[in-house]
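K.L.:
The structure's right below; bear with me while I get my questions together.
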Amino acid sequence: MPRYCKLTPEEIEKRLSRKRAEYRAANYQKLCKSCWRKLPRESFYRAPSRYDGCSTYCIDCDRARAAARWRRRQELHRILTANGAGVSNVENVV
Ligand SMILES: [Zn+2]
Numbered sequence: 159m160p161r162y163c164k165l166t167p168e169e170i171e172k173r174l175s176r177k178r179a180e181y182r183a184a185n186y187q188k189l190c191k192s193c194w195r196k197l198p199r200e201s202f203y204r205a206p207s208r209y210d211g212c213s214t215y216c217i218d219c220d221r222a223r224a225a226a227r228w229r230r231r232q233e234l235h236r237i238l239t240a241n242g243a244g245v246s247n248v249e250n251v252v
C-alpha cells in the first residue's frame, strides 16, 4: 500500500469540479469587464464552459454589445449591397 496519494484523472476532474463549485459559490458577486460594476451573479448570463460558469459581461452589457454588433452588421450589409456587390450573407464577411 503506497503512503503517497496518487490521483487518477477521474479523481482530479472530480476535485476540480468541486473546486469550481466552491469558487462559484464563494464569488457571489462578480465584476463586469465592460461597465466595471460589481453585480450579483443573477445579473450575468450563464456560460457553463467558463471557469466560473458566468459570462464576462453583465446582462445589460451583453445586450448592448449584441445590439452594437447587430448595428455594425446592418451598416456593413447596407454598404455592401448598395455597391451592388451582391453579398447576401454578412455573417460570412464579418
Ligand atoms: Zn456590465
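Numbering (the working numbering), first residue to last: 159 to 252.
Ideal Cβ placement from N, Cα and C applies to all residues, glycine included.
So, for S192: in the same chain, excluding its five sequence neighbours on each side, which residues have a beta-carbon less than 6 angstroms away from its beta-carbon?
P.N.:
Counting only Cβ-Cβ distances below 6 angstroms, and skipping sequence neighbours, we find Y215 and C219.
K.L.:
Since Q187 sits in a beta bridge, which residues does DSSP pair it with?
P.N.:
The partner list for Q187 (beta bridge, DSSP) reads P198.
K.L.:
With a 10 Å radius around its C-beta and 16 neighbouring C-beta atoms as the bar for buried, classify K188 as buried or exposed.
P.N.:
Result: buried.
K.L.:
Where A240 and L234 are concerned, what is the direct C-alpha to C-alpha distance, given to the nearest angstrom?
P.N.:
Going from the Cα of A240 to the Cα of L234 covers about 10 angstroms.
K.L.:
Any idea what DSSP makes of R221, helix, strand or coil?
P.N.:
R221 falls in the helix class under three-state DSSP.
K.L.:
Do G211 and R221 have their C-beta atoms within less than 8 angstroms of each other?
P.N.:
Going by C-beta atoms, G211 is not nearer than 8 angstroms to R221.
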